[in-house]
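*Asks:* In my numbering, the protein residues as written are 216 to 522.
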Ligand code: SPV
Ligand code: MG
């Protein structure tokens, strides 16, 4: 028997898996990746899907704020690398489509062609501000009718069975209230969105509960939650409220930042690496995670004994 590496999964298979997940009452439990290895670790830990976090890519790959500074092609490159590293469906955070009407269409078409399973397009005006940033006094949204026009045109520009288009409503984040959020969600569904991501910073969940009580699409259109600021609600709690996807968007990135800061500080304090050795991954584990042995055996034509 020869050594084999994991097979690449076709885009249509990942997309079908994502559509199936969104149709089920158990939410698709999705975790944010900022790079390819993180996607692999998310898969190894048993999650259902990977979110390509705009905050994560901006922070970890470019060390710039999440303010529409990275370009569509930089974000797509990151999404491609992440998608290649996992058999799970990948949902890419495409911010606001990186500009105006034609940028949104180009974004959707390029992600479709790249074989990404799903994307999210939000209604923050370019240049957007990260939704979690508390100090922001200027949050402007694209007019509802214009955002719907963009989504309708984007949907028309791709295969109906192609990537899953999640329309992200930022009305609650921008302080426009539940009624405005419902109007936007209606308009985006009418424009052809496959799912609605309703984002909120309200730690009590009252805003989200208000939306769920008011919106006529609940139970008909898959809803997506990003519970960064209401993390005590489990995926099952959110599933019971009607959410079909729960995105834990940035915890691996924050874990990496903390681990690296602590490791670097300890090495700086002790001026050696022995102090951190028991607390960091072994080199062998790193080799193992990326299939180093299998790749070398395949390259060298080695047939392992007993296999
Ligand atoms: C991201 O991960 O980039 C997101 C989620 O868009 S949030 O940071 O909550 O806006
Ligand atoms: Mg984002």
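Note that CB positions come from ideal geometry on N, CA and C, so glycine has one too.
#1: Hey, residue 243 and residue 307: beta-carbon distance below 8 Å or not?
#2: Report, in whole angstroms, the separation of the C-beta atoms of residue 383 and residue 335, which I expect to be a contact under 8 Å.
#3: Is the beta carbon of residue 221 less than 8 Å from the beta carbon of residue 302?
#4: Considering just the uninterrupted stretch of the beta strand (DSSP E) at residue 379, what are its terminal residues?
#5: Could you tell me whether the segment 221–233 touches the segment 329–344, where touching means 3 or more Cβ pairs closer than 8 Å?
#6: Give every residue of the same chain whose Cβ lies closer than 7 Å to the Cβ of residue 456, excluding the five residues on either side of it in the sequence, and list them in chain order.
#7: Indicate whether the contact test is met: 3 or more Cβ pairs, each with one atom in the segment 457–466 and one in the segment 431–440, closer than 8 Å.
#8: Using a 10 Å radius around the Cβ and a threshold of 16 neighbouring Cβ atoms, would you call residue 362 buried or exposed?
#9: Going by Cα to Cα distance, which pick from 371, 407, 423 is closest to residue 393?
#10: Quick check on the DSSP output: what are the complete beta strand (DSSP E) runs of length 3 or more inside the segment 453–512, in order along the chain?
#11: Could you tell me which uninterrupted beta strand (DSSP E) segments, each at least 3 residues in length, are contained entirely in the segment 227–276, listed from first to last along the chain?
#12: If we count the other Cβ atoms within 10 Å of its Cβ and call it buried at 16 or more, is residue 385 buried or exposed?
#13: Give the DSSP bridge partners of residue 308, in chain order.
#14: Looking at residue 274: is its Cβ nearer than 8 Å to the Cβ of residue 293?
#15: Answer yes or no: do residue 414 and residue 352 have a C-beta to C-beta separation smaller than 8 Å?
#16: Rounded to the nearest angstrom, what separates residue 519 and residue 219 at their Cα positions?
#17: DSSP three-state label for residue 450, please.
#18: With DSSP as the reference, label residue 224 as helix, strand or coil.
#19: With 16 other CB atoms within 10 Å as the buried threshold, where does residue 468 fall?
#20: Just to confirm, are residue 250 and residue 269 a CB contact at a threshold of 8 Å?
#21: With DSSP collapsed to three states, give me the class of residue 412.
#22: Going by other Cβ atoms of all chains shown within 10 Å of its Cβ, with 16 needed for buried, is residue 366 buried or exposed?
*Replies:* On the basis of the supplied data:
#1: no
#2: 5 Å
#3: yes
#4: 379–384
#5: yes
#6: 427
#7: yes
#8: buried
#9: 423
#10: 458–463
#11: 243–248, 264–267
#12: buried
#13: 335
#14: no
#15: no
#16: 11 Å
#17: helix
#18: coil
#19: buried
#20: no
#21: strand
#22: buried
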